[in-house]
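If you read the protein sequences in the order shown, they are chains P and S. Under our numbering, think of the first position of the first sequence as 1, with each following residue one higher. Under our numbering, think of the first position of the second sequence as 1001, with each following residue one higher. The structure under discussion appears below in the form of structure tokens.
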Amino acid sequence: MERPDSQTTRRAVLASLGTVTATGGVVYAGAQLDSGATETVRTSPTDGPRFHSSSESTGFGIDLDGHPVMGSMDAPLDMYYWSDYQCPFCRRFEENTFPTLIDDHVRSGTVRVIFIEFPYLGEGSITAAVMDRCIWRQVRSDEPRRYWQWHSTVYGRQGEKGSGWASKSNLLEITREVDGVDADTVDTCMQENRSEIESSIATDVERARRLGLRGSPAFIIYNRNADKAGKLVGAQPAARFDEAITTVENA
Amino acid sequence: MSDSRVQAHVVRLLEGLGYPLTSVRRTLVTVYVAAVIYCLLVLSTFPTYSAQLLGADIAYFDEAILALTANTYQTAGAVGLGLVCGYAIMTGIAVTAAVGRVRVAGSQNARRLSAVLPGLLASGCASCGAGLLGLVGLAGALATLPFDGNLLRLAGLLLAGWLSRPPR
């Protein structure tokens, strides 16, 4: 019977050890990068920017009805923001880039952000998206900033996809921790309106796919006066958004 | 498969794994190819993001690699990221072995060796998967596969291991 000689075996063992060490190193680095992201300073939800509701449709063909609008309604630029609460890259954007964009472009009145759900990572994503709509329905008239508080809290508590963190019961538990939001009313809203809301979200998802969006987070920055738009995908650094905003603003 | 055939495959696999350590140059080629393949695989998990970021400025390369490494860990877990690394290293070994064979056997054997390339591409596609599926409009498709597509990545790794064996 054929047997490997000792030198071949020694080299194979060394190569295997090297492979395991290299793989372990990259996986450890990935875990550290993951944990590092959660320690990033977040914008405090309570002193967040203004929110508005609107039933208008924009020149880009986005119906604002049912979608939270952050910033001044008179801002010359729209930033349509498609996201999924289970998407780790969306959380990366929320933690690393979004606070800077809010400070630099939303508070200054240049950009208004339109939040659009793009659930594509399973049942938990759809549940979170439906709850998002119910939260907005509850707070949009009197305390629209509560939406931001809930939105940020959910992203801050994001767990592993499919682990159950985005189940209805767990999301309601998270909702109970947010001041000014009635979790029982949200639960009722979900029971009574889920199919209608899911249908509306499906329309949004279909529109996003027609726009060529294949993952999240995804953004289209739209100059309403010039009718010009630009697309960004993924959790890109704030500098890339600065460039895109300047380009579309001057279009 | 008989015991002797299994034994022969194991011997060839061990020889293939140990081949990059037979000289410093081969080790360096293996590490270089593995690093390049790892970067390609990680960047391909979100191709439109990678294309936009690197198209804007190549200086964003490290940002893209780090962000997508973290994203792969978060979406596919330690096992998924480990399989991507394992595939990259196995490809490094396969390429080093293929180059070594060309140098020893001469260009006449190069045509036979070109058969390795489709295999590497096939196993590479199995290993990255998510981004390519996203490109053809199946965003999130891997999420619906068993173990978030890790079985697909494992298939890619096994195929790369098969290709890294030296010829009889």
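No residue lacks a Cβ here, since even glycine has one placed at the ideal position from N, Cα and C.
For residue j and residue i, believed in contact at Cβ under 8 Å, the rounded distance
i: THR1045(S); j: THR1072(S); result: 6 Å
i: ARG214(P); j: THR1048(S); result: 6 Å
i: ILE1093(S); j: TYR1038(S); result: Contact flag wrong, Cβ pair sits at about 13 Å.
i: GLN158(P); j: GLY122(P); result: No, GLN158(P) and GLY122(P) are not in contact; Cβ-Cβ is about 14 Å, not under 8 Å.
i: GLU143(P); j: ILE201(P); result: Incorrect: roughly 23 Å between the Cβ atoms, too far for contact.
i: VAL1033(S); j: VAL1095(S); result: 5 Å
i: GLY59(P); j: ASP227(P); result: 6 Å
i: ALA238(P); j: LEU101(P); result: 6 Å
i: LEU172(P); j: VAL154(P); result: With a Cβ gap of about 11 Å, LEU172(P) and VAL154(P) do not count as contacting.
i: ASN250(P); j: PRO76(P); result: Not confirmed; about 11 Å, so no contact.
i: CYS189(P); j: GLN149(P); result: Rounded, the Cβ-Cβ distance is 18 Å, inconsistent with contact.
i: SER216(P); j: SER83(P); result: 5 Å
i: ILE1065(S); j: VAL1042(S); result: 6 Å
i: ILE197(P); j: MET79(P); result: That pair is no contact at about 23 Å.
i: ILE245(P); j: VAL113(P); result: That belief does not hold up - the Cβ atoms of ILE245(P) and VAL113(P) are roughly 11 Å apart, past 8 Å.
Any chain S beta carbon closer than 9 Å to residue i
i: ARG92(P); result: yes
i: LEU14(P); result: yes
i: ALA31(P); result: yes
i: THR127(P); result: no
i: ARG207(P); result: no
i: THR246(P); result: no
i: THR203(P); result: no
i: GLU249(P); result: no
i: PRO45(P); result: The predicted model places PRO45(P) with a pLDDT of 47, which falls under 50 and marks its position as unreliable, so this point remains unresolved.
9 Å Cβ cutoff, residue i in contact with chain P
i: CYS1085(S); result: yes
i: THR1091(S); result: no
i: ALA956(S); result: The first residue shown for chain S is 1001 and the last is 1168, placing residue 956(S) beyond what the model contains.
i: LEU1154(S); result: no
i: ALA1070(S); result: yes
i: LEU1158(S); result: no
i: GLY1018(S); result: yes
i: LEU1053(S); result: yes
i: GLY1137(S); result: Here the model assigns GLY1137(S) a pLDDT of 49, short of 50, so the residue's position is not dependable and the matter cannot be decided.
Within chain P, the residues that residue i reaches when beta carbons sit closer than 8 Å
i: PHE1046(S); result: PHE89, GLY215, VAL233, GLY234
i: ALA1184(S); result: Shown here, chain S extends from 1001 to 1168; a query on residue 1184(S) therefore has no answer.
i: THR1022(S); result: ARG11
Exposure of residue i, with buried meaning 16 or more beta-carbon neighbours within 10 Å
i: ASP132(P); result: buried
i: GLU206(P); result: exposed
i: ASP179(P); result: exposed
i: ASP204(P); result: buried
i: ALA1059(S); result: exposed
i: SER55(P); result: exposed
i: SER44(P); result: Any answer about SER44(P) is weak, because its pLDDT of 45 lies below 50 and its placement is not dependable; what the coordinates show is given next. Classification of SER44(P): exposed, given that the 10 Å Cβ count is below 16.
i: ARG146(P); result: buried
i: MET70(P); result: buried
i: VAL1024(S); result: exposed
i: GLY24(P); result: exposed
i: VAL1006(S); result: exposed
i: GLU160(P); result: exposed
i: GLU192(P); result: exposed
i: MET73(P); result: exposed
i: ALA1051(S); result: exposed
i: GLY259(P); result: It is not possible to answer for residue 259(P), since the shown part of chain P is limited to 1 through 251.
i: VAL125(P); result: Note that residue 125(P) is Ser in the sequence shown here, rather than Val. Flag for SER125(P) reads buried.
Chain-ordered chain S contacts of residue i [CB-CB under 8 Å]
i: ALA22(P); result: ALA1034, CYS1085, ILE1089
i: VAL27(P); result: TYR1073, ALA1078, LEU1081, GLY1082, CYS1085
i: ARG140(P); result: None at all; the shortest Cβ gap to chain S is about 29 Å.
7 Å Cβ cut-off: residues of chain S touching residue i
i: PRO237(P); result: GLU1063
i: THR19(P); result: GLY1086, ILE1089
i: ARG210(P); result: Correct list: empty, because the minimum Cβ distance to chain S is about 11 Å.
Any chain B beta carbon closer than 9 Å to residue i
i: ASP227(P); result: This model lacks chain B altogether, as its protein chains are P and S.
**Prompt:** Which residues, taken in chain order from the region 148-164 of chain P, show a beta carbon closer than 7 Å to some beta carbon of chain S?
**Reply:** LYS161
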